[in-house]
Each structure stands twice: as C-alpha cells, then as structure tokens.
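For reference, the structure discussed in these notes is given below.
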Amino acid sequence: AGDRIASYRQHLDSDGNVPLTFGCYALRDGASTVLVDTGWGPEHDGRLMVELREAGITPAEVSHVLFTHLHGDHTGWNIDRTSGKPNFPRATYLVPAGDWAHYSKQDPPSASFQRDVVPLHDSGQMELIEGERTITSGITAVPTPGHTPGHTSATIVSGTERGYVLGDVVISPVDLAEPDWPNRFDWDDDIARATRNSVLAALDDSTLIAASHLPDQGIGHFLTGSGKRSWRGYRPS
1 AGDRIASYRQ
11 HLDSDGNVPL
21 TFGCYALRDG
31 ASTVLVDTGW
41 GPEHDGRLMV
51 ELREAGITPA
61 EVSHVLFTHL
71 HGDHTGWNID
81 RTSGKPNFPR
91 ATYLVPAGDW
101 AHYSKQDPPS
111 ASFQRDVVPL
121 HDSGQMELIE
131 GERTITSGIT
141 AVPTPGHTPG
151 HTSATIVSGT
161 ERGYVLGDVV
171 ISPVDLAEPD
181 WPNRFDWDDD
191 IARATRNSVL
201 AALDDSTLIA
211 ASHLPDQGIG
221 HFLTGSGKRS
231 WRGYRPS
C-alpha cells in the first residue's frame with residue numbers, strides 16, 4: 001500500500017497532504033444564469049462576488065443556485081452578512097433534500113448551515129430537490145450521493161457536446177486513478193465509491209468536467225489512455 005501511495009507523490013505537498021482548490025461555477029444557458037455552489041464566503045476570503053462582477057454577471061441576473069451539497073465551502077456566499085438577505089435576490093436556490101434532512105437534524109446544526117442555508121428557507125427562495133431536476137433546457141441536476149446523503153451534480157448539454165459539474169464526487173486526482181480508495185471527507189464510503197465508479201464509467205476523454213477541488217481551477221478532462229484515469233486541466237484549442 002505504501003508503494004501505491006508513493007506513486008502519487010506528485011499530487012502531494014511537502015507535508016504529504018493533497019492540496020485542494022475551492023471552486024464554484026457560473027453557467028449560462030440562453031437567458032438563464034445558473035450558479036453551481038457559492039464557495040467559501042468572506043470569512044475565508046472567497047472571491048465569488050468579485051469574480052462574478054469581473055465576468056459581467058450581476059447578482060440579479062442569477063436565476064438559479066444549485067448546491068452540490070451543503071458543506072460550508074460550497075454555501076459561503078448565499079447570504080449578505082450585513083442585511084441577512086440572499087445575495088442573489090431573484091434566484092431559486094435548489095437544495096438537495098437529502099442534505100437538508102441530514103444537516104437540519106444535527107444537534108446543534110453547524111454554524112455554516114445556520115448562517116448560510118437556514119435563511120434561504122426563511123426567505124421563501126429555497127426549493128428542495130430529489131431525483132433529476134431540469135433547471136434549463138441544457139442543464140439538469142442529477143443525484144450523485146455518497147460524499148453527503150443528497151450530493152448532486154449537474155449535467156450540461158450543448159449541441160453535441162456535454163459536460164458535468166461534479167462537486168465533490170472526486171476531490172483529488174488520486175480519486176480518478178483509485179476510485180475505490182476511501183476518502184475521509186465522504187459521509188458513506190460504500191455509496192461514494194459506487195457513485196464515483198458509476199460516474200467515471202459514464203465519461204470519456206472528451207467530456208468537459210468541472211470539479212470543485214481539482215487543480216487548474218477544477219476545469220478539465222478525465223483521461224483514460226494510461227490505463228488509469230488521470231486529470232488534464234482545460235487547454236483552449
């Protein structure tokens with residue numbers, strides 16, 4: 001086992017840890033703008049609001065916010081810290097029902113859940129989703145449980161091209177090569193493993209992937225040519 005772990009040394013930092021990025025994604029489909037997650041909030045120097053502005057997207061343009069799951073590094077910009085109101089005033093916030101049920105029953109609920117998620121319910125802008133949920137003609141939410149009870153991904157179809165926003169189905173490049181290895185961040189190892197293998201089996205080298213914690217801002221391709229899957233960051237042609 002030690003030799004196998006050592007073979008992935010290039011993915012580790014000097015302390016033997018896997019360095020992670022923290023990403024969320026804005027998708028445009030016609031007149032709709034869909035955010036997938038809202039990332040770390042201001043307490044962690046999250047830059048979502050700045051980067052949306054730099055991309056020419058105003059908060060009022062966001063039609064939907066889809067959460068892959070309700071961990072705090074995916075919900076941080078839901079609520080304005082001054083007004084206590086949702087940062088995206090016209091958006092429907094799509095919350096996986098399995099995660100809502102799980103985290104709302106914790107005693108006490110986490111600080112991030114109480115700060116970032118409960119106010120969405122109180123605002124009337126929250127919609128619980130189960131199973132597949134069509135968001136726009138080209139964007140669909142699909143269940144990918146295991147990392148959390150209700151973990152959800154987004155499929156994207158544009159003409160003959162397709163892509164996926166996978167949240168935390170995979171967290172590091174090691175998960176691609178060793179999808180059966182347990183991950184200490186997963187809620188249920190067996191379910192997460194089954195989901196990971198099912199998702200990876202459905203993808204090919206041409207599928208564009210966005211995954212919150214992978215290198216290269218989490219955008220790229222899963223490659224299979226070396227016998228084990230590997231990660232290649234997006235390279236514009």
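Reminder that position 222 of the sequence shown reads as 222 in this note's numbering, one-by-one numbering, no gaps.
Positions of the beta carbon are idealized from the N, C-alpha and C atoms, including for glycine.
DSSP state of residue 67 mapped onto helix, strand, coil: In the structure shown, residue 67 adopts coil according to DSSP, grouped into three states.
Three-state class that DSSP yields for residue 205 in the structure shown: Three-state DSSP puts residue 205 in coil, outside helix and strand.
C-alpha distance - residue 75 paired with residue 94, whole-angstrom precision: The straight-line gap from Cα to Cα measures roughly 12 angstroms.
Collapsed DSSP secondary structure at residue 143 in the structure displayed: Looking at residue 143 - three-state DSSP - the assignment turns out to be strand.
Status (buried if at least 16 other CB within 10 Å, exposed otherwise) for residue 44: With fewer than 16 other Cβ atoms within 10 Å, it is exposed.
Cα-Cα separation between residue 124 and residue 92, rounded to whole angstroms: Whole-angstrom Cα-Cα distance: 9 angstroms.
Alpha-carbon to alpha-carbon, residue 147 and residue 185: Going by the C-alpha atoms only, they are around 7 angstroms apart.
Pairwise C-alpha distance: residue 162 and residue 141: Distance between the alpha carbons of residue 141 and residue 162: 14 angstroms.
Contact check, residue 38 vs residue 78, beta carbons under 8 angstroms: Yes, these two residues count as a Cβ contact at 8 angstroms.
Inter-stretch contact at 8 angstroms, needing at least 3 Cβ pairs: the stretch 103–111 / the stretch 196–203: Here the stretch 103–111 does not lie against the stretch 196–203, with fewer than 3 beta-carbon pairs under 8 angstroms apart.
Length at least 4, wholly inside the stretch 103–189: the alpha helix (DSSP H) runs in chain order: Counting only runs of 4 or more, we get 111–116, 118–123 and 173–177.
Beta-carbon proximity of residue 119 to residue 89, cut-off 8 angstroms: The criterion of a C-beta distance shorter than 8 angstroms is not satisfied by residue 119 and residue 89.
Per-residue DSSP class, three states only, for residue 72: Assigned with DSSP and collapsed to three states, residue 72 falls in helix.
Those residues which DSSP pairs with residue 26 across a bridge: According to DSSP, which records beta bridges pairwise, residue 26 is partnered with 35.
Selection from 68, 193 and 50 that minimises the alpha carbon distance to residue 212: Closest by C-alpha distance to residue 212, out of 68, 193 and 50, is 68.
Cβ-based burial, residue 231 [other Cβ within 10 Å; buried from 16]: Burial call: buried.
In DSSP terms, what residue 95 is bridged to: Residue 95 is bridged to 128.
Residue 86 (DSSP reduced to helix, strand or coil): In the structure shown, the three-state DSSP call for residue 86 is strand.
Collapsed DSSP secondary structure at residue 218 in the structure displayed: For residue 218, the three-state secondary structure derived from DSSP is helix.
Bridge partners - residue 79, DSSP secondary structure assignment: Note: residue 79 sits in a beta bridge opposite 86.
Simplified DSSP assignment, three categories, for residue 210: The answer is strand: DSSP assigns residue 210 an E or B state.
Nearest-angstrom Cα separation, counted from residue 104 out to residue 135: Rounded to the nearest angstrom, the two C-alpha atoms are 24 angstroms apart.
Pick from 195, 149, 171 and 206 that is closest to residue 98, judged by C-alpha positions: Nearest C-alpha to residue 98: 149.
Exposure of residue 172, with buried meaning 16 or more beta-carbon neighbours within 10 Å: By the neighbour-count rule (16 or more Cβ atoms within 10 Å), residue 172 is buried.
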